[in-house]
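K.L.:
Reading the sequence shown from the start, the letters are residues -1 to 543 in the numbering used here.
Backbone N, C-alpha and C define an ideal beta-carbon position, used for all residues, glycine too.
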Amino acid sequence: MRDNGNGTLTAVEPLKRIMTAGAAYIAAYIALDLISYVKPYGTFGVTPWNPQVGLSLALAYFGGIVAAPFFLIAQLITNYLLRGGPMGFWLELATSVVSGGAFFIAGTALRQKELIDPRLNSVRDVLNLLMVIMAAAAAAALFFTITIAIGGELGRGDFGHVAWRLLIGDVIGCLTITPLILIFASLRPWPTPRLDAAFQIAALIGALIVVFGYQDATAFQLFYLLFLPLLWIALSYGTAGAAIAILIIQIGLLIGAEFRFGTDPGLTVLQVLMFAVALTGLLVGAIFIERENAATRIRDQQSALDRAMRTRAAGEVAAGITHEINQPLTALRNYATVARSALQNNNMDLALDSLAKVNTQSDRVANVLKSIRDLLHQGTIDIAPVNIDDLLRDFAELMASDLASRGITLRITVPAGFPLVRIDGVQITQALHNLVNNAADAMAGIGQHGAIGIVVSWVASKTRPEFAISVTDEGPGFPPGVNTERPVPFVTTKSEGTGIGLSIARTVAEAHGGRLTITSAATGACVRIILPFKEAGHEEAHFGS
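1) Would you call THR294 buried or exposed, if buried means 16 or more other Cβ atoms sit within 10 Å of its Cβ?
2) So, at 6 Å on beta carbons, what are the nonlocal neighbours of LEU433 in its own chain, with the 5 sequence-adjacent residues on each side left out?
3) Assuming contact is defined by CB atoms lying nearer than 8 Å, are ALA100 and VAL130 in contact in what I supplied?
4) Looking at the strands, I want to know which residues DSSP matches up with TYR39.
5) If you follow the beta strand (DSSP E) that GLU464 is part of, which residue opens it and which one closes it?
6) Look up TRP188 in the DSSP assignment and say whether it is helix, strand or coil.
7) Hey, how far is the Cα of VAL275 from the Cα of LEU30?
8) With DSSP run on the structure shown, which of helix, strand or coil describes ALA523?
9) Would you mind reading off the limits of the alpha helix (DSSP H) that contains ALA382?
10) Determine the burial state of ALA431: buried for a count of at least 16 other Cβ atoms within 10 Å of its Cβ, exposed for fewer.
11) Tell me which residues share the same chain as PRO474 and place their Cβ nearer than 7 Å to its Cβ, disregarding the 5 neighbours each side in the sequence.
12) With a 10 Å radius around its C-beta and 16 neighbouring C-beta atoms as the bar for buried, classify GLN376 as buried or exposed.
13) Just to confirm the assignment, what range does the alpha helix (DSSP H) spanning THR93 have?
14) Pick helix, strand or coil for PRO474, following the three-state DSSP scheme.
15) Using 8 Å as the threshold, is the region 414 to 429 in touch with the region 386 to 399, meaning 3 or more CB pairs across them?
16) Spatial neighbours of TRP230 within its chain, please: CB distance less than 8 Å, with the 5 preceding and 5 following residues excluded, ordered by chain position.
17) Run through DSSP, which three-state label would VAL412 get?
18) Hey, how far is the Cα of ASP351 from the Cα of VAL412?
19) Helix or strand or just coil, what does DSSP make of THR496?
20) If you follow the alpha helix (DSSP H) that SER54 is in, where does it begin and where does it stop?
21) Which residues does DSSP pair with ALA449 in a beta bridge?
22) Quick one, are the C-beta atoms of ALA161 and LEU140 less than 8 Å apart?
23) Less than 8 Å between C-beta atoms, sequence neighbours within five positions excluded: which residues of the same chain meet that for THR515?
24) So which of PHE87, GLY43, PRO49 and ALA22 has the shortest CA-CA distance to GLY61?
25) Give me, in chain order, the residues of the same chain whose beta-carbon lies closer than 6 Å to that of VAL336; leave out the 5 immediate sequence neighbours on both sides.
26) Within 8 Å, do at least three Cβ pairs link the region 178 to 186 to the region 48 to 64?
27) Using only the alpha-carbon positions, how far apart do TYR39 and ALA292 sit?
28) Out of THR176, ILE421 and ILE146, state which residue places its alpha-carbon closest to the alpha-carbon of HIS510.
29) Would ASP471 be called buried (16 or more neighbouring beta carbons within 10 Å of its own) or exposed?
30) Using DSSP with H/G/I as helix, E/B as strand and the rest coil, what is THR515?
31) How long is the line joining the alpha carbons of VAL267 and ASP115, rounded to whole angstroms?
32) Sort GLY522, PHE531 and PHE257 by Cα distance to ALA507 and report the nearest one.
33) How would you call GLU90, buried or exposed, if buried means at least 16 neighbouring beta carbons within 10 angstroms?
34) In chain order, which alpha helix (DSSP H) runs of at least 4 residues are fully inside the region 115 to 161?
35) Give the single residue among THR145, PRO326, GLY20 and PHE416 whose Cα lies nearest to the Cα of LEU553.
36) I need the boundaries of the beta strand (DSSP E) containing ILE421, first residue and last residue.
Structure, rendered in structure tokens:
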């Protein structure tokens, strides 16, 4: 549209664009008709390849109703300029209307019904385009042949020959030209040629030379060679590359058939094989694009999932930290309450004892947080001489209140005279806290009251001295499906669990150079933290069975 000076718009610009496009279409139509006018059948202009029909189908898709007049004009011009209008004006007009009308209807239907994406990015697009091409070509061949038969131009026995040749020529013309125009006009960005493109084109031309130049075999026997470079190109550049390769093959067929067959109409037979080549190339190209798009979607989905999992993991870690320090904080509150009550009753000894325990539990919270931080950042463990019996007694005192509220007792068993060991006491306590808490939850889940045992024992080993800290319970055992070989973080069978208890225990064991083993039965579970024995002071160790 253009402003005419008084504020109104005129239709000059759109009309100019339409006329320019129409003129370009007519010029291209005439050029394609001239190039492809080889080995015609009779005086009807029926040739083995009709690329101008493919051009018309693409114009109808993009231009719609405004393209109709140009269809008729282009056909009449070629019929008269190139062939002199041998059937007379009215019959030439009638054949132009019926054949051009079939492809005009097909092109507008493709657009209005949204049957395809013009980029031909899927097998569905290629198959829908093929079905429309076949329907339009069949209709055009049938009505064209009927029209010339009514006009008296068709000899006896020629109906099938003319209809068949026209059908093949129109189908191949559309398969070689229409996809190329659709893709070129709509695909952004156009695939950038790589270094291998030159080798692919060379392979394609080489295959054509072999097909038509090797005299000891017929062209039909060697035609399969064309599939190899075509598939190579289709699997590299999709339907865009396949469309270009198909056009090159078709041009090569025209040239090769002229040299190989001369006046013999062998090109029509080759065009039947060309149908298989073109369809295969487009389908393989579409499959390649679908796979590429699917891979891109999967990568995008994986990235989104990774972001979501990182966000969720951050929340789970926060929940896990809360889970880890809940017991010391509960103990802090209880001791503070006792201290306040003792002060109110002037019981200074009890108040001082409770405040000392408040200080101890505060240090424990700080140590737990430091330990978690070190684990998350793969920090080093703080190895020190530890009396395992004292560590477990302190742990039992920490857990006593919570376990008692569930009707569960904690039994500690340590061999008499068990030597000091070199471990990270805070992390071992943290691991035991998770294991005992899991055991208590399992027992409470079935309404089971009883005891949880923590047993220290020697482990018979041929390679190094080891000892185990085993946590046993009287619960239902681990449910089927739980990975007892290597617990996975954030995977839990409890509705309110964090899924990090077993994972933390395993991480602690492995950080000490040990391992975590799990034995499960219907009457309970046993989780063992097996650690290498490193006696404090490097004194000689004593082992039992």
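P.N.:
By the coordinates alone:
1) Position 296 of the sequence shown, counted from the first residue, corresponds to residue 294. With fewer than 16 other Cβ atoms within 10 Å, it is exposed.
2) Here residue 433 refers to the residue found at position 435 when the sequence shown is read from its first residue. If we look at LEU433 and ignore the five residues flanking it on each side, its Cβ neighbours are VAL469, ALA503 and VAL525.
3) The residue given as residue 100 occupies position 102 in the sequence shown. The residue given as residue 130 occupies position 132 in the sequence shown. Not a contact, by the Cβ cut-off of 8 Å.
4) Against the sequence shown, residue 39 aligns to sequence position 41. Answer is VAL44.
5) Reading the sequence shown from its first residue, position 466 is the one you call residue 464. Looking at the DSSP string, the run of the beta strand (DSSP E) that includes GLU464 is 464 to 470.
6) Your numbering for residue 188 matches position 190 in the sequence shown. Of the three classes helix, strand and coil, the one that applies to TRP188 here is coil, per DSSP.
7) Residue 275 sits at position 277 when you count from the first residue of the sequence shown. Residue 30 sits at position 32 when you count from the first residue of the sequence shown. The straight-line gap from Cα to Cα measures roughly 21 Å.
8) What you label residue 523 is simply residue 525 of the sequence shown in a count that begins at 1. If DSSP states are grouped into helix, strand and coil, ALA523 belongs with the strands.
9) Translated into the one-based positions of the sequence shown, residue 382 becomes position 384. Not the alpha helix (DSSP H): ALA382 falls in the beta strand (DSSP E), residues 382 to 384.
10) Numbered from its first residue, the sequence shown carries residue 431 at position 433. The sequence given here has His at residue 431, not Ala. Under this definition HIS431 is a buried residue.
11) Here the question's residue 474 lines up with position 476 in the sequence shown. For PRO474, where only same-chain residues beyond five positions count, the Cβ hits under 7 Å are ALA440, ILE444 and ALA520.
12) Working through the sequence shown from its first residue, we reach residue 376 at position 378. Note that GLN376 scores 46 on pLDDT, short of 50, meaning its location in the model is unreliable; the coordinates nonetheless yield the value given after this. Classification for GLN376: exposed.
13) The residue labelled residue 93 in the question sits at position 95 within the sequence shown. First-last of the alpha helix (DSSP H) with THR93: 87 to 110.
14) Numbered from its first residue, the sequence shown carries residue 474 at position 476. PRO474 falls in the coil class under three-state DSSP.
15) yes
16) Here residue 230 is taken as the residue at index 232 of the sequence shown, counted from 1. So the list reads GLN198 and ALA201, once near-sequence residues are dropped.
17) The count along the sequence shown starts at 1 and reaches residue 412 at position 414. The answer is coil: DSSP assigns VAL412 none of H, G, I, E or B.
18) What you label residue 351 is simply residue 353 of the sequence shown in a count that begins at 1. What you label residue 412 is simply residue 414 of the sequence shown in a count that begins at 1. Taking the straight line from one Cα to the other gives about 27 Å.
19) Counted from its first residue, the sequence shown places residue 496 at position 498. With a pLDDT of 41 at THR496, under the threshold of 50, the modelled position of this residue cannot be trusted, and the question is left open.
20) To locate residue 54, count along the sequence shown from 1; it is residue 56. Taken as a continuous stretch (DSSP letters only), the alpha helix (DSSP H) holding SER54 covers 49 to 61.
21) Counting from 1 along the sequence shown, the entry for residue 449 is found at position 451. ALA449 pairs with THR407.
22) For the purposes of this step, residue 161 is taken as residue 163 along the sequence shown, with counting starting at 1. For the purposes of this step, residue 140 is taken as residue 142 along the sequence shown, with counting starting at 1. Contact flag set, yes.
23) In the sequence shown, residue 515 corresponds to position 517, counting from 1. Once the five neighbours on either side are set aside, the close Cβ partners of THR515 are VAL525, ARG526 and ILE528.
24) The residue you call residue 61 lines up with position 63 of the sequence shown. The shortest C-alpha separation from GLY61 is found at ALA22.
25) Position 338 of the sequence shown, counted from the first residue, corresponds to residue 336. So the list reads SER352, once near-sequence residues are dropped.
26) yes
27) Walking along the sequence shown from the start, residue 39 turns up at place 41. Walking along the sequence shown from the start, residue 292 turns up at place 294. Looking at the two C-alpha atoms, the distance is approximately 47 Å.
28) Residue 510 sits at position 512 when you count from the first residue of the sequence shown. Measuring from the Cα of HIS510, the nearest candidate turns out to be ILE421.
29) Translated into the one-based positions of the sequence shown, residue 471 becomes position 473. Result: buried.
30) The residue labelled residue 515 in the question sits at position 517 within the sequence shown. THR515: strand per DSSP, three-state reduction.
31) Locating residue 267 in the sequence shown gives position 269, counting from the first residue. Locating residue 115 in the sequence shown gives position 117, counting from the first residue. Rounded to whole angstroms, VAL267 to ASP115 spans 32 Å at the Cα level.
32) If you number the sequence shown from 1, residue 507 lands on position 509. Closest by alpha carbon: PHE531.
33) Here residue 90 refers to the residue found at position 92 of the sequence shown. Buried is the call here.
34) 121 to 148
35) This structure gives no information on residue 553, because the portion of the chain shown stretches from -1 to 543.
36) On the sequence shown, residue 421 is found 423 positions in, with the first residue counted as 1. Residues 419 to 421.
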